[in-house]
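My numbering applies: residue 1 is where the sequence shown begins, and numbers increase by one. In what follows, a structure is listed as structure tokens, so that the remarks can point back to it.
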Amino acid sequence: MNKHKLVSWIIAILLIFLAGWSVVYVKHAEKINSEKIAKEEKKQQLQKKEDKNANMRYPIKWRKSSQTTKYPNVFDDKNLWIKISQKKQRLYVMSGKKQLYQMYVSLGTHAAGYSNESKKVFPTGTFKISDKRGKFYFNQVTGNGGRYWISWKGNGKYVIQSVPTNEHGKYLIANAQSLGSQADTNNSIWLSVRDAKWFYKNINGGTKLVIE
Numbered sequence: 001m002n003k004h005k006l007v008s009w010i011i012a013i014l015l016i017f018l019a020g021w022s023v024v025y026v027k028h029a030e031k032i033n034s035e036k037i038a039k040e041e042k043k044q045q046l047q048k049k050e051d052k053n054a055n056m057r058y059p060i061k062w063r064k065s066s067q068t069t070k071y072p073n074v075f076d077d078k079n080l081w082i083k084i085s086q087k088k089q090r091l092y093v094m095s096g097k098k099q100l101y102q103m104y105v106s107l108g109t110h111a112a113g114y115s116n117e118s119k120k121v122f123p124t125g126t127f128k129i130s131d132k133r134g135k136f137y138f139n140q141v142t143g144n145g146g147r148y149w150i151s152w153k154g155n156g157k158y159v160i161q162s163v164p165t166n167e168h169g170k171y172l173i174a175n176a177q178s179l180g181s182q183a184d185t186n187n188s189i190w191l192s193v194r195d196a197k198w199f200y201k202n203i204n205g206g207t208k209l210v211i212e
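Okay, here's the thing in structure tokens:
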């Protein structure tokens, strides 16, 4: 076999090897992708089942209560505390280990306008609801505000509030429609308008807040 034929054979073998490897790689990638899709679909189905069992309003209405049932009476509940899941984008009103009510929320990274801050992970841990609260605010730095706000960290820098508004108090519909999914909420935790109003009136300062 002359040198030219040997080179041709080597090239042919390499091409066959590469073709076979490509097929294996594509099939492997397709398998991983299909597994991811199946996992996400299962997650969504479980979340829908959980929401259905909790009488959650679906599709989400950002002006209305998250559940189709009445809000709980939490007056003088000594075991009251609040749990928020970033993964599920849900807020749970708890009494000890018992879930009293569930709300859609949006929270995520915070970025806009604060010195020495770029995209950061939203704070997690145990906090306390503050007595510092109000019916409306607007932040000139971030360019949005909210109604029925309650501070939970940083003396008003981190708040639970309604879906965001502009400086005139009008709701930013595009942002409001993302309720129930992660968003860049600029240190805020968004609730529906009705949920935020109830939370503002019924959750007292000193109530434990756990964000996971």
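All residues carry an ideal CB built from backbone N, CA and C; glycine is no exception. Note that the structure is predicted; figures quoted are calculated from it, not measured.
- [ ] Please classify isoleucine 60: does DSSP put it in a helix, a strand, or coil?
- [x] coil
TODO: Starting from the C-beta of glycine 113, find all residues in its chain whose C-beta is less than 7 angstroms away, skip the five residues before and the five after it, and write them out in chain order.
DONE: Since pLDDT at glycine 113 reaches only 45, below the 50 mark, its modelled position is unreliable, and the value read off the structure follows with that caveat. The residues are Val141, Thr142.
- [ ] Figure out for me which residue from Tyr137, Trp152, Gln182, Val159 has the closest Cα to the Cα of tyrosine 171.
- [x] For tyrosine 171, the closest C-alpha among the options Tyr137, Trp152, Gln182, Val159 is that of Tyr137.
- [ ] Compare the beta carbon distance of isoleucine 129 and glycine 205 with 8 angstroms and say whether it is the shorter of the two.
- [x] yes
Task: Endpoints, the beta strand (DSSP E) within which valine 93 is located - done: 90-95
- [ ] Assuming glutamine 89 contacts tyrosine 104 (C-beta within less than 8 angstroms), just tell me the rounded distance between them.
- [x] 7 angstroms
TODO: Label glutamine 99 either buried or exposed according to how many other C-beta atoms from any shown protein chain fall within 10 Å of its C-beta, with 16 as the threshold for buried.
DONE: exposed
TODO: Could you tell me which residues DSSP pairs with lysine 83 in its beta bridges?
DONE: Tyr92, Val210
TODO: Look at lysine 83 and methionine 94 and say whether their C-beta atoms are less than 8 angstroms apart.
DONE: yes
Task: Alpha-carbon spacing of threonine 165 relative to glycine 146, whole angstroms - done: 5 angstroms
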